[in-house]
Amino acid sequence: MRPFTFIAPETIEAALSASASSEKAHYLGGGTNLIDLMKEDVERPSHLIEVADLAHQEITKTASGGYSLGAMKNNSDTANHPDIRKHYPLLTMAMLSAATAQIRNMATNGGNLLQRTRCPYFYETSMPCNKREPGSGCGALKGMNGNHAIFGWSESCVATNPSDMCVALAALEAKVQVRQPDGTERTIAFTDFHRLPGDRPEKDHTLKKGELITAIELPAPKFSDHYYYLKIRERSSYAFAMTSVAAGLELNNGMITDVALALGAVAHKPWKLIASEDFLRNKKPTSDNFTEAAEIAMRDAKPLKHNAYKIEMGKKAIVRSLTQAFERKA
Amino acid sequence: MCTSDKSPNEPQLTEDEAQVLDDLGLHGESRRRFLGRISAASLSVLFAPSLSSEIFGKSTPDEVVAEIQALLNEVQVNLKINNTVKPLRIDSRMTLLDALRERLQLTGSKKGCGHGQCGACTVIIDGKRKLSCLTLAATCKDKEITTVEGLAEGSQLHPMQAAFLKHDGFQCGYCTSGQICSSVALMDEAKNGEASYVSEDFTEVPKNLELSEEEIRERMSGNICRCGAYNNIVQAIKEVHTGQEQAPKWEFATTAQMQQAQS
Chain G
1 MRPFTFIAPE
11 TIEAALSASA
21 SSEKAHYLGG
31 GTNLIDLMKE
41 DVERPSHLIE
51 VADLAHQEIT
61 KTASGGYSLG
71 AMKNNSDTAN
81 HPDIRKHYPL
91 LTMAMLSAAT
101 AQIRNMATNG
111 GNLLQRTRCP
121 YFYETSMPCN
131 KREPGSGCGA
141 LKGMNGNHAI
151 FGWSESCVAT
161 NPSDMCVALA
171 ALEAKVQVRQ
181 PDGTERTIAF
191 TDFHRLPGDR
201 PEKDHTLKKG
211 ELITAIELPA
221 PKFSDHYYYL
231 KIRERSSYAF
241 AMTSVAAGLE
251 LNNGMITDVA
261 LALGAVAHKP
271 WKLIASEDFL
281 RNKKPTSDNF
291 TEAAEIAMRD
301 AKPLKHNAYK
311 IEMGKKAIVR
321 SLTQAFERKA
Chain F
331 MCTSDKSPNE
341 PQLTEDEAQV
351 LDDLGLHGES
361 RRRFLGRISA
371 ASLSVLFAPS
381 LSSEIFGKST
391 PDEVVAEIQA
401 LLNEVQVNLK
411 INNTVKPLRI
421 DSRMTLLDAL
431 RERLQLTGSK
441 KGCGHGQCGA
451 CTVIIDGKRK
461 LSCLTLAATC
471 KDKEITTVEG
481 LAEGSQLHPM
491 QAAFLKHDGF
501 QCGYCTSGQI
511 CSSVALMDEA
521 KNGEASYVSE
531 DFTEVPKNLE
541 LSEEEIRERM
551 SGNICRCGAY
561 NNIVQAIKEV
571 HTGQEQAPKW
581 EFATTAQMQQ
591 AQS
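If you're matching them up, the sequences are chains G and F in order. If you read the first sequence in this note's numbering, its first letter stands for residue 1, the second for the next number, and so on. If you read the second sequence in this note's numbering, its first letter stands for residue 331, the second for the next number, and so on.
Set out below in structure tokens:
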């Protein structure tokens, strides 16, 4: 690991101003991804600013009837907070599918949003990777791309976002609250937070230099009766998804009145299935409709050499997760 | 006392030293070359302080500053480990695991992968199981750290340690301290009523959960045992969790079961 200066500010304000100390200063949350990437020599920060023990540790009700998740709170306590389990069990289920108890205890909510791809070409510094080293090329485009994107990729990057939590947050239409270096706040819609690679794959998200995530805002509770997070992986625990689906249904009189649907591990960002959601609204929760929603979801998929399986797997996963969500409470 | 091909340039050797060189097959010219290098190396050790000050004197100011800044990344941290406070001055890069093992001689916590994939380095920080290999020691100020060395009370083993022994919850033992720390914390998570991915329902989770075998396996998935002692590990955890004696559950498959598995 390369040398860096360690800064432990006492306040958020001090952290914000410390971020101006260098172009290569980096906030440190739980460190489960960043410290690993520093050991791999992928991340090379000059300064680490510890923020995990600062304010924004709370889960509070918002004026609009939703909940605000403190960015510094850890994933375990967030997933298992009684209010979150009760009102947003889809989020709880997605968060608990991720990593292990040890890692969830360390990882912060803000950090979860900022975790970097698990593309092996990104991790291996002897390989070309436009995300790690802009202009060096994409090793995965013509290489081993079995676990890469089928949506939204570009010639310069085919990596996927590895988060489970973010798939549920995209489905639930959360918002990200950030503090700018000058102390002012701004709010980013969740689906605008992560970006597609285009020709700037080194940028995973739309945060500006020095901005710090302080909270994730959830809209008023929905989908708390009919929900399912299906995660398909190579082993049944402690693995990143090959494909995952966050599904939530609101039902009334045998009709779908509202639906939340997003895919994970298929794109550079959590992939919200807006067209499938639109199709399912005001329809009956039948297997034919679920199948049609899955067909719509995969209409624009563009597989690479080794990941065409994700199309069929994705369709089956969508139908299965919608069915599980529907059957959870009759 | 020395062998026949000793040259006038060769330094005085003791019999033992000469014997070593003979054993290495170093005679004549090669022996003189070897001794020449040895003395150069000894010289450089002797004069290292003056040599290095000369190097610093000659290098550009920028390089010197960079070198000193690297040394200045020292962090002072008081680590509270197993109820004892240990003041340490460390490089900012030092992980908690390395601080435990290399600086405090607490070698119970093991370095398996160093990347958060195996769980051998699991310790309990402020009551929660965490990975010491991905935790910077500098971030542990004012935190209560429990390692496997802190679980027993005197000679009285922690019930989980005793259960691992009783049920043979290991073979090589390398993952064991991580497995034990992890399962000790798991007992509290079950008491607090924390759900897991395989929980049936997330909306209503009671306190004092009774963990099924499937639940224990899911919740312990962060601790890899390459010997594959999982059955015995689960049995040990179950015994502590339920307070009831556990017997091995496995049995050989019947012919019918084997046929079904193969079809």
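Ideal placement from N, C-alpha and C gives every residue a C-beta, glycine not left out. No experiment lies behind these values; they were computed from the predicted model shown.
Report back the beta-carbon spacing between residue i and residue j to the nearest angstrom; my notes put them in contact at under 8 Å.
{"i": "residue 192 (chain G)", "j": "residue 446 (chain F)", "result": "At roughly 30 Å, the Cβ-Cβ gap does not stay under 8 Å, so residue 192 (chain G) and residue 446 (chain F) are not in contact."}
{"i": "residue 595 (chain F)", "j": "residue 449 (chain F)", "result": "Chain F is shown only over 331 to 593; residue 595 (chain F) falls outside these bounds and no answer can be derived."}
{"i": "residue 240 (chain G)", "j": "residue 162 (chain G)", "result": "5 Å"}
{"i": "residue 259 (chain G)", "j": "residue 280 (chain G)", "result": "5 Å"}
{"i": "residue 478 (chain F)", "j": "residue 511 (chain F)", "result": "6 Å"}
{"i": "residue 131 (chain G)", "j": "residue 149 (chain G)", "result": "About 12 Å separates the two Cβ atoms, so there is no contact after all."}
{"i": "residue 136 (chain G)", "j": "residue 201 (chain G)", "result": "With a Cβ gap of about 11 Å, residue 136 (chain G) and residue 201 (chain G) do not count as contacting."}
{"i": "residue 95 (chain G)", "j": "residue 78 (chain G)", "result": "7 Å"}
{"i": "residue 175 (chain G)", "j": "residue 190 (chain G)", "result": "6 Å"}
{"i": "residue 325 (chain G)", "j": "residue 247 (chain G)", "result": "5 Å"}
{"i": "residue 143 (chain G)", "j": "residue 213 (chain G)", "result": "Not a contact, Cβ separation roughly 33 Å."}
Beta-carbon within less than 7 Å of residue i's beta-carbon, same chain only, minus the 5 sequence neighbours each way: which residues are those?
{"i": "residue 105 (chain G)", "result": "74, 76"}
{"i": "residue 254 (chain G)", "result": "284"}
{"i": "residue 412 (chain F)", "result": "476, 477, 479, 480"}
{"i": "residue 215 (chain G)", "result": "56, 68, 69, 70, 71, 177"}
{"i": "residue 273 (chain G)", "result": "261, 262, 263, 297"}
Quick check: the Cα distance between residue i and residue j, rounded to an integer number of angstroms?
{"i": "residue 295 (chain G)", "j": "residue 495 (chain F)", "result": "54 Å"}
{"i": "residue 501 (chain F)", "j": "residue 461 (chain F)", "result": "22 Å"}
{"i": "residue 577 (chain F)", "j": "residue 565 (chain F)", "result": "8 Å"}
{"i": "residue 60 (chain G)", "j": "residue 70 (chain G)", "result": "8 Å"}
{"i": "residue 498 (chain F)", "j": "residue 99 (chain G)", "result": "27 Å"}
{"i": "residue 556 (chain F)", "j": "residue 547 (chain F)", "result": "15 Å"}
{"i": "residue 430 (chain F)", "j": "residue 72 (chain G)", "result": "26 Å"}
{"i": "residue 334 (chain G)", "j": "residue 530 (chain F)", "result": "Residue 334 (chain G) lies beyond the residue range present for chain G, which begins at 1 and ends at 330; the question has no answer from this structure."}
{"i": "residue 528 (chain F)", "j": "residue 91 (chain G)", "result": "14 Å"}
{"i": "residue 26 (chain G)", "j": "residue 47 (chain G)", "result": "6 Å"}
{"i": "residue 473 (chain F)", "j": "residue 276 (chain G)", "result": "48 Å"}
{"i": "residue 440 (chain F)", "j": "residue 223 (chain G)", "result": "43 Å"}
{"i": "residue 438 (chain F)", "j": "residue 64 (chain G)", "result": "50 Å"}
{"i": "residue 242 (chain G)", "j": "residue 117 (chain G)", "result": "13 Å"}
{"i": "residue 169 (chain G)", "j": "residue 186 (chain G)", "result": "18 Å"}
{"i": "residue 188 (chain G)", "j": "residue 173 (chain G)", "result": "11 Å"}
{"i": "residue 103 (chain G)", "j": "residue 551 (chain F)", "result": "11 Å"}
{"i": "residue 286 (chain G)", "j": "residue 532 (chain F)", "result": "25 Å"}
Considering only C-alpha positions, which residue in the set the options is nearest to residue i?
{"i": "residue 308 (chain G)", "options": "G:145, G:51, G:49, G:133", "result": "G:145"}
{"i": "residue 318 (chain G)", "options": "G:262, G:14, G:39", "result": "G:262"}
{"i": "residue 40 (chain G)", "options": "F:443, F:418, F:437, F:404", "result": "F:443"}
{"i": "residue 124 (chain G)", "options": "G:140, G:50, G:115", "result": "G:140"}
{"i": "residue 315 (chain G)", "options": "G:327, G:299, G:329", "result": "G:299"}
{"i": "residue 301 (chain G)", "options": "G:311, G:293, G:43", "result": "G:311"}
{"i": "residue 313 (chain G)", "options": "G:268, G:245, G:329", "result": "G:245"}
{"i": "residue 549 (chain F)", "options": "F:582, F:524, F:569", "result": "F:524"}
{"i": "residue 129 (chain G)", "options": "G:181, G:208, G:42", "result": "G:42"}
{"i": "residue 559 (chain F)", "options": "F:583, F:350, F:407, F:503", "result": "F:503"}
{"i": "residue 435 (chain F)", "options": "F:423, F:418, F:422", "result": "F:418"}
{"i": "residue 482 (chain F)", "options": "F:507, F:575, F:526, F:348", "result": "F:507"}
{"i": "residue 580 (chain F)", "options": "F:404, F:405, F:543", "result": "F:543"}
For residue i, which beta-bridge partners are listed by DSSP?
{"i": "residue 419 (chain F)", "result": "F:406"}
{"i": "residue 271 (chain G)", "result": "G:263"}
{"i": "residue 26 (chain G)", "result": "G:48"}
{"i": "residue 255 (chain G)", "result": "G:252"}
{"i": "residue 437 (chain F)", "result": "Paired residue(s): none; residue 437 (chain F) is not in a bridge."}
{"i": "residue 553 (chain F)", "result": "Partner(s): none; residue 553 (chain F) has no beta bridge."}
{"i": "residue 129 (chain G)", "result": "G:138"}
{"i": "residue 5 (chain G)", "result": "G:47"}
Within its chain, find whatever has a CB closer than 8 Å to the CB of residue i; leave out the 5 residues flanking it on each side and keep chain order.
{"i": "residue 82 (chain G)", "result": "none"}
{"i": "residue 257 (chain G)", "result": "250, 251, 281, 282"}
{"i": "residue 205 (chain G)", "result": "113, 114, 193, 194, 195"}
{"i": "residue 518 (chain F)", "result": "457"}
{"i": "residue 466 (chain F)", "result": "422, 423, 424, 425, 426"}
{"i": "residue 536 (chain F)", "result": "523"}
Excluding the 5 residues preceding and the 5 following residue i in the sequence, name in chain order all residues of the same chain whose CB lies nearer than 6 Å to its CB.
{"i": "residue 290 (chain G)", "result": "319, 322"}
{"i": "residue 332 (chain G)", "result": "Summary: the structure shown does not reach residue 332 (chain G), with chain G confined to residues 1 through 330, and so no result is reported for it."}
{"i": "residue 515 (chain F)", "result": "454, 459"}
{"i": "residue 493 (chain F)", "result": "566, 569, 570"}
{"i": "residue 293 (chain G)", "result": "276, 279, 280"}
{"i": "residue 269 (chain G)", "result": "161, 194"}
{"i": "residue 539 (chain F)", "result": "520, 523"}
{"i": "residue 404 (chain F)", "result": "419"}
Give a yes or no on whether 8 Å exceeds the smallest Cβ distance from residue i to chain A.
{"i": "residue 445 (chain F)", "result": "Structure shown: chain A not included; protein chains present are G and F."}
Flag residue i as yes when its Cβ comes closer than 7 Å to any non-hydrogen atom of the ligand MN, and as no otherwise.
{"i": "residue 327 (chain G)", "result": "Questions concerning the ligand MN fall outside what the structure shown contains, since it holds no ligand whatsoever."}
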